[in-house]
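Structure first, commentary second.
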Amino acid sequence: MASSCTVAVLGGGITGLSAAFHLSRRLPPTARIILLEKQRRLGGWIRSQNHQGLAPRGQDVVLDTGPRTLRPNSKALLELINLLGLNESVVTVPKSHPAARSRYIYAPPLTALPSSVASLLKSPFTPALRPLLPAVLREPLRRANRPPDITDESVHAFVSRRFGEEFARVFVSALVHGIYGADSRLLSVRSAFSSLWEAEERGWGSVVRGFARSALSPASKRTASTEYHIGEMENMMKDISIYAFRGGMETLPRAIYDWLKSRPNVDIHTGVDVRSLTPLPAESRFEVWPIATSAGPLITNPTHIVSALPLSALHNIIPPLYALPHLTANPSSTIQVLNIVFPPTEAPLHPPGFGYLVPRPKGGYSIANEPSHYIIGCIFHSGVFGPSPSPRPPTSSKDIKTGAPPSDTPTTLTVMLRSPTPILDSTRLPEPIHMEMHVQSECIPTYTVGHGARMRDLKAALEGGAWGGRMEVVGAGVGGVSVGDCVEAGRNAGKRWGF
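Residues 1 to 499, numbered by the UniProt record's numbering, are exactly what the sequence shown covers, in order.
And the structure:
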């Protein structure tokens, strides 16, 4: 790779920021990186809002409007935190904490999920959990039943085939709500939960046998990779269930931005709208235009492109002559996030634990005609990270809804709070200190059946023709919707270019 290369990174969400960060570290100082973001701010769906003096004793309250917790299984994310020097900003929740051990499902009623073998054995005596243990015990006894011509299927179809319809509707649909905000009947099992598909193959048709074989095989144990510069984060994450940042999740993209600003070979443009992306194969470059900046229109001709845009947005800026396949194949979920802050109370407003998820209704989503029925999950934020500097902090809870009309009117918020829902016991709720609704439009891609094969087609198209292997398409729309997945994708962007 010539040192005079110019890489344009399209999209300033966490994937694009990660790509710019790692490209800047790998490229020679003479190379140029241009980060282009349509919004005036960076970070994408990661956003933290600091409400000064909101707590009863005058403390600030930080509310996240997107992702708010992280799991320690992403080495790329731990490395990024370490390289940015954010170790002291991290707050952790150990595996022994109630938030790690106590998670709930609203089936109804609000029911604690098993967290140990003993609680699993007792689950048949709890009405909402009655299908759980029998389904797990019967699965290894079922004959292998994957049709030979099936190369992918929905999460619901897969789990129904191995564990039964009710198990899939109650437990798996709730899990899919929590991760994707989507319908498990549409989501690809191979793209969203590949470990299930692989376990069935290892177990000669049984998922349980497959996981058992992995657990008993020494070769399957994962070891820490020396490729990642994790530093002290590895010790910090021992016996940790989840973690976050003291100043909210936006601490991470803000730190990346501050780091990138100090790099002489990085240019950052926010509030710019890329209208067209055209490959120029004869020149081994691209034409990206027009980019409206404060100094006027900017036309740039990078040698390479990293697109971290939503796939549909990328589709819209590529001329029909150079159209790429499958960019509009998947839908995306629109999530409404309701943050509620309550004053201190004598009795707790929620049980100890992380929060709860809500399964798909028995009659399907079409019967959900009341605001309360659109809730798909809730996080007990103050129950997760414990007290703030105040001995009796306010309680903050997050409710995620899908399919409800995108309204943030006071009437809608009041109806959501006072309706007979599993949010909390509305008969003993104090008046909230603060409520706010955020509509995150098309924020989480739904990988429909066949997504993996479609992405292989897309990669092959990028390798040939006018694109010539000089553009990479990364981000949540391609492979993995978690923050860790996106950071990893950005970290790997451009590696095959020989930087």
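Note that CB positions come from ideal geometry on N, CA and C, so glycine has one too.
As the structure is a computational prediction, the values presented were derived from the model and not from experiment.
- In the three-state scheme derived from DSSP, where H, G and I count as helix and E and B as strand, residue 237 is classed as coil.
- Judged by DSSP in its simplified three-state form, residue 287 adopts strand.
- Under the DSSP assignment, residue 318 falls outside any alpha helix (DSSP H); it carries neither an H nor an E label.
- Look at residue 447 here: in three-state DSSP terms it is coil, with no helix or strand label.
- DSSP places residue 270 inside the beta strand (DSSP E), whose first and last residues are 266-270.
- Residue 104 and residue 208 have their C-alpha atoms spaced approximately 23 Å apart.
- Only residues of its own chain outside the window of five on either side were considered, and among them 75, 79 have a CB closer than 6 Å to the CB of residue 228, listed in chain order.
- For residue 89, the three-state secondary structure derived from DSSP is helix.
- The beta-carbon distance between residue 480 and residue 489, rounded to whole angstroms, is 7 Å. This is short enough to meet the 8 Å contact definition.
- Counting along the chain, the unbroken alpha helix (DSSP H) around residue 257 starts and ends at 251-261.
- Separation of the CB atoms of residue 302 and residue 6 is rounded to 4 Å, and the pair is thereby assigned contact status at 8 Å.
- Annotation: the segment 46-103 contains the following complete segments of the alpha helix (DSSP H) (minimum length 4 residues), in chain order: 75-84, 98-101.
- Selection 195, 121, 82 evaluated against residue 90 yields 82 as nearest (Cα-Cα).
- Taken in chain order, the whole alpha helix (DSSP H) runs of length 4 or more contained in the segment 107-179 are 117-122, 132-138, 155-163.
- In the DSSP assignment, residue 332 falls within the beta strand (DSSP E) that extends over 332-342.
- Residue range 194-202 is occupied by the alpha helix (DSSP H) that includes residue 196.
- If the five residues before and after residue 155 are omitted, its C-beta is found closer than 7 Å to the C-beta atoms of 172, 176, 184, 187, 189, 192, 193, all from its own chain and listed in chain order.
- When the beta-carbon positions are compared, residue 379 and residue 181 stay at least 7 Å from each other.
- Under the three-state reduction of DSSP output, residue 23 falls in the helix class.
- Look at the beta carbons and you see the segment 37-51 touching the segment 9-20: at least three pairs across the two are nearer than 8 Å.
- Residue burial is scored here from C-beta neighbours: residue 460 has fewer than 16 other C-beta atoms within 10 angstroms and is therefore classed as exposed.
- The straight-line gap separating the alpha-carbon atoms of residue 314 and residue 128 is approximately 44 Å.
- Apart from sequence neighbours up to five positions away, the residues of its chain that approach residue 131 with a beta-carbon distance below 6 Å are 166, 167, ordered along the chain.
- Shown here for residue 139: same chain residues with a beta carbon closer than 7 Å to its own, the five before and five after excluded, namely 162, 163, 206, 207, 208 in chain order.
- Cβ atoms of residue 68 and residue 244 come within 8 Å of each other, at about 6 Å.
- For residue 472, the pairing in a beta bridge is given by DSSP as 306.
- Remark: C-beta atoms of residue 98 and residue 348 do not approach each other more closely than 7 Å.
- Nearest to residue 487 by C-alpha distance, out of 234, 64, 73, is 73.
- In the DSSP assignment, residue 491 falls within the unbroken alpha helix (DSSP H) covering 483-492.
- Assigned with DSSP and collapsed to three states, residue 346 falls in coil, not helix or strand.
- Relative to the Cα of residue 34, the nearest Cα in the group 327, 473, 266, 102 belongs to 266.
- Counting C-beta pairs with one atom in each stretch, the segment 273-285 and the segment 239-254 have fewer than three that are closer than 8 Å, which means they do not touch.
- Here residue 248 is buried, its C-beta having at least 16 other C-beta atoms within 10 Å.
- In the DSSP annotation of this structure, residue 210 is not part of any beta strand (DSSP E); the continuous alpha helix (DSSP H) holding it starts and ends at 207-216.
- The beta carbon of residue 466 sits closer than 6 Å to the beta carbons of 279, 281, 322 from its chain, once the five residues preceding and following it are set aside; these are given in chain order.
- Within the DSSP bridge table, the entry for residue 326 names no partner.
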